[in-house]
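Asks: First residue of the sequence shown? That's 87 in the working numbering, and the numbers climb one at a time after it. Ideal Cβ placement from N, Cα and C applies to all residues, glycine included.
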Amino acid sequence: MTISFGGLATGLDTNGIIDAIMGVERQPLARMETDKTWLNNRLSAFSELDSKLKGFQDSITDLGDPDVLQKRSVDLSNSDFFTATVSSEALAGTRYQVEVVSIAQVQKSVSDSGFADKTSNTFGTGTLSLTVGTTTSTIEITSENNSLEGIMQAINDADLGVSAAIINDGTASPYRLMLTGEDVGTSFSLDSSGLAGGTDTLGTFTTTQPATQAHVRIDGVDIYSESNTISEAIPGVTLDLIDVSAGETVNVEVSLDKTSIQAKVEEFAKGYNEVISFITGQSTMGDTAPGVLAGDAGINSIKRHLQNMLTEPYTNSGVFSTLSELGFETQKDGTVVVNDEKLADAIDNNLDSVVSLLAGDDGESGLARNFQDYLDSMTDSADGMLAGRRKSINDNIKQIDEQIERTEARLAKREETLRAQYNAMEQLVSQWSSTGDYLMQQLNSISNLYKTKG
Numbered sequence: 087m088t089i090s091f092g093g094l095a096t097g098l099d100t101n102g103i104i105d106a107i108m109g110v111e112r113q114p115l116a117r118m119e120t121d122k123t124w125l126n127n128r129l130s131a132f133s134e135l136d137s138k139l140k141g142f143q144d145s146i147t148d149l150g151d152p153d154v155l156q157k158r159s160v161d162l163s164n165s166d167f168f169t170a171t172v173s174s175e176a177l178a179g180t181r182y183q184v185e186v187v188s189i190a191q192v193q194k195s196v197s198d199s200g201f202a203d204k205t206s207n208t209f210g211t212g213t214l215s216l217t218v219g220t221t222t223s224t225i226e227i228t229s230e231n232n233s234l235e236g237i238m239q240a241i242n243d244a245d246l247g248v249s250a251a252i253i254n255d256g257t258a259s260p261y262r263l264m265l266t267g268e269d270v271g272t273s274f275s276l277d278s279s280g281l282a283g284g285t286d287t288l289g290t291f292t293t294t295q296p297a298t299q300a301h302v303r304i305d306g307v308d309i310y311s312e313s314n315t316i317s318e319a320i321p322g323v324t325l326d327l328i329d330v331s332a333g334e335t336v337n338v339e340v341s342l343d344k345t346s347i348q349a350k351v352e353e354f355a356k357g358y359n360e361v362i363s364f365i366t367g368q369s370t371m372g373d374t375a376p377g378v379l380a381g382d383a384g385i386n387s388i389k390r391h392l393q394n395m396l397t398e399p400y401t402n403s404g405v406f407s408t409l410s411e412l413g414f415e416t417q418k419d420g421t422v423v424v425n426d427e428k429l430a431d432a433i434d435n436n437l438d439s440v441v442s443l444l445a446g447d448d449g450e451s452g453l454a455r456n457f458q459d460y461l462d463s464m465t466d467s468a469d470g471m472l473a474g475r476r477k478s479i480n481d482n483i484k485q486i487d488e489q490i491e492r493t494e495a496r497l498a499k500r501e502e503t504l505r506a507q508y509n510a511m512e513q514l515v516s517q518w519s520s521t522g523d524y525l526m527q528q529l530n531s532i533s534n535l536y537k538t539k540g
């Protein structure tokens, strides 16, 4: 390693001179870093715009769905006995009175006799007869499984629509056999008279919960169901039964969910405004602080296209052809506000026309679909315009990085060369100085010699 002490021979600040030279030669490198920073800022802006466009897409999705735009809501005067959900097929403005007479449930029965032991083979052998509905089946009990646990397992293994379990009631003979049906409304019975021998008998069973169908009375009409979910008794309304209402009727009211529809339209306006405001801020031209996307024709094209789509008429079967008829008002800065009263009036009096404008007559060709298709072409990760812009910027950044790397390597060699040259100069000057000192010493010696002889 070469150690240099700049200026010891010449008195010059050689380190300072070299630093000054390198500072001048590094100026192109600084410009490259500035260009790279600018490109990174543009890359961030394009990524943020992509995010805002996708957010706008999300806000549009529901506007293209007629079912969402025609969403109904359902209100119950008492939710203790059932819950209700509603689809767009329900008739808005309708009212019903519902009474829950019974809920669908399976039969449960428990043996009247309790047993002191559940594992001992104390029961007779032969067959059990299990009748489920109108079908009777036999279950074989042998000396291998004639315990209470064995009988329980035999019933479960038979898989006849009844499951068995052993419960403990805490008495001196605590073990009892509990039978539970699998199908609501289907009764069953177990006959153990086919077992012979043994010291214990199953005996009779008490039904603790009868098998019943769901039974509701809607506006005086009796409706029966094998399930506690009743979906066809009221058009577009599904009832999920919870409990018997014991003679009490519940008022069910179906209405148009205007709040939800208005919220969807407001979300659309918000998403649109975020895109327009961002593009305006990033593309503004100015002498002091122009936007990082200023002058980008593609970005300005997106803004103009969205503004045109917002105001142009759309052909459909309804009475509305533009968003302005739904209360959209364009501001000076290009954003929009929604006149809530005008929108509410359109929904109240011409909902079908609102749906036709936004979702199209076929649910595919409305205003929302047109916006979606355009935004897809901008944000597609493979072929979208923004993806192309980001790729181009990343390519430029890569080129600058490579150029910076080459420049830094060249400057490092340049600095090394300069230091070697100045070190050589210092050494040469030092040698000249040493030679001069030697000659001066010789001349002084000769002069002193002549003075002595004289």
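Give me, in chain order, the residues of the same chain whose beta-carbon lies closer than 7 angstroms to that of Ala282; leave out the 5 immediate sequence neighbours on both sides.
Replies: Counting only Cβ-Cβ distances below 7 angstroms, and skipping sequence neighbours, we find Gly210, Thr211, Gly212.
Asks: Per DSSP, what kind of secondary structure is Val330 in: helix, strand or coil?
Replies: Val330: coil per DSSP, three-state reduction.
Asks: To the nearest angstrom, how far is it from the Cα of Leu497 to the Cα of Arg112?
Replies: Distance between the alpha carbons of Leu497 and Arg112: 7 angstroms.
Asks: Which runs of the alpha helix (DSSP H) at least 4 residues long sit entirely within the stretch 394-449? Give them in chain order.
Replies: Taking only runs of at least 4 residues, the alpha helix (DSSP H) segments lying wholly in the stretch 394-449 are 426-445.
Asks: Whole angstroms are fine: how far does the CA of Ile225 sit from the CA of Asp245?
Replies: The straight-line gap from Cα to Cα measures roughly 10 angstroms.
Asks: In terms of alpha-carbon separation, which member of Val172, Ser341, Phe457 lies closest to Leu149?
Replies: Here the closest residue by C-alpha is Phe457.
Asks: Since Asp308 is in the beta strand (DSSP E), which residue starts that stretch and which ends it?
Replies: It spans 307-311 - the beta strand (DSSP E) in which Asp308 sits, taken as one unbroken run.
Asks: Express the C-alpha separation of Leu129 and Ile479 in angstroms, rounding to a whole number.
Replies: Going from the Cα of Ile479 to the Cα of Leu129 covers about 7 angstroms.
Asks: Can you tell me where the alpha helix (DSSP H) holding Lys140 begins and where it ends?
Replies: 113-147 is the extent of the alpha helix (DSSP H) around Lys140.
Asks: Which residue from Ala380, Gly236, Thr293 puts its Cα closest to that of Trp124?
Replies: Nearest option by C-alpha distance: Ala380.
Asks: Please name the residue in Arg390, Leu214, Val270 whose C-alpha comes closest to that of Gln299.
Replies: Ranking Arg390, Leu214, Val270 by Cα distance to Gln299 puts Val270 first.
Asks: Using three-state DSSP, classify Val351 as helix, strand or coil.
Replies: The answer is helix: DSSP assigns Val351 an H, G or I state.
Asks: Going by DSSP, what residues sit across from Arg303 in a beta bridge?
Replies: Paired residue(s): Glu185, Asp308.
Asks: Enumerate in chain order the residues of its own chain whose CB-to-CB distance from Ser278 is below 6 angstroms, with the five nearest sequence positions on each side excluded.
Replies: Once the five neighbours on either side are set aside, the close Cβ partners of Ser278 are Leu214, Leu288.
Asks: Could you tell me which residues DSSP puts in a beta bridge with Ile253?
Replies: BP columns for Ile253 point to Arg262.
Asks: CB-CB under 7 angstroms to Ser90, same chain, minus the five flanking residues each way: which ones, in chain order?
Replies: Unreliable positioning characterises Ser90 in this predicted model, as indicated by a pLDDT of 49, which lies under 50. A coordinate reading is not provided.
Asks: If we call anything under 8 angstroms between Cβ atoms a contact, is Val424 one with Val361?
Replies: Taking 8 angstroms as the Cβ cut-off, Val424 and Val361 do not qualify as a contacting pair.
Asks: Where DSSP assigns a beta bridge to Glu175, which residues make up the other side?
Replies: Its beta-bridge partners do not exist; DSSP assigns none.
Asks: Looking at C-alpha atoms only, which residue of Thr294, Asn314, Ser410, Pro321 is the closest neighbour of Ser195?
Replies: Among Thr294, Asn314, Ser410, Pro321, the Cα nearest to that of Ser195 belongs to Thr294.
Asks: DSSP three-state label for Val154, please.
Replies: It is helical.
Asks: For chain D, check one thing: does any of its Cβ atoms lie closer than 8 angstroms to the Cβ of Glu134?
Replies: Chain labels in this structure do not include chain D; a single protein chain is all it has.
Asks: Check whether the Cβ atoms of Leu234 and Phe274 lie closer than 8 angstroms to each other.
Replies: Cβ atoms of Leu234 and Phe274: not closer than 8 angstroms.
Asks: Which residues in the same chain have their Cβ closer than 7 angstroms to the Cβ of Tyr261, if we skip the five residues on either side of it in sequence?
Replies: Excluding positions up to five away in sequence, the list reads Gly200, Phe201, Lys204, Leu234, Ile252, Asn254.
Asks: Please report the straight-line C-alpha distance between Met471 and Asp448, rounded to a whole angstrom.
Replies: One C-alpha to the other measures close to 29 angstroms.
Asks: Take Leu115 as the anchor and find which of Val422, Glu488, Ala454 has the nearest alpha-carbon.
Replies: Cα-wise, what sits closest to Leu115 is Glu488.
Asks: Per DSSP, which residues does Ile365 bridge with? Please list them.
Replies: Paired residues: none, contrary to the question.
Asks: Suppose you measure from the CA of Val405 to the CA of Asn436; what does that come to, to the nearest Å?
Replies: Cα to Cα, the separation comes out at about 8 angstroms.
Asks: Taking contact to mean 3 or more Cβ pairs, one atom from each stretch, closer than 8 angstroms, check whether the stretch 304-313 and the stretch 153-171 are in contact.
Replies: Taking 8 angstroms as the limit for Cβ pairs, the verdict is that the stretch 153-171 does not touch the stretch 304-313.
Asks: Measuring alpha carbon to alpha carbon, tell me which residue in Gly219, Ala190, Thr228 is nearest Thr208.
Replies: The residue with the shortest Cα to Cα distance from Thr208 is Thr228.
Asks: Taking 8 angstroms as the threshold (C-beta atoms), are Ser369 and Gly357 in contact?
Replies: No, Cβ-Cβ distance for Gly357 and Ser369 is not below 8 angstroms.
Asks: Are there three or more Cβ pairs, one per stretch, closer than 8 angstroms when the stretch 393-408 is compared with the stretch 323-331?
Replies: Judged by Cβ distances under 8 angstroms, the stretch 393-408 makes no contact with the stretch 323-331, as fewer than three pairs qualify.
Asks: What I want to know is whether the C-beta of Pro296 ends up closer than 7 angstroms to one or more non-hydrogen atoms of the ligand ATP.
Replies: Because no ligand of any kind appears in the structure shown, any question about the ligand ATP cannot be addressed here.
Asks: Anyone know if the C-beta pair for Gln485 and Ala430 falls short of 8 angstroms?
Replies: Result no, Cβ atoms of Gln485 and Ala430 do not sit closer than 8 angstroms.
Asks: Between which two residues does the alpha helix (DSSP H) holding Ala319 run?
Replies: Run containing Ala319: none in the alpha helix (DSSP H); it sits in the beta strand (DSSP E), 315-320.
Asks: If you compare alpha carbons, which of Ser137, Ser313, Asp105, Val338 is closest to Gly179?
Replies: Checking every option, the nearest Cα to that of Gly179 belongs to Val338.
Asks: Could you tell me how far apart the beta carbons of Ala445 and Gly322 are, in whole angstroms, since I believe they sit closer than 8 angstroms?
Replies: Rounded, the Cβ-Cβ distance is 18 angstroms, inconsistent with contact.
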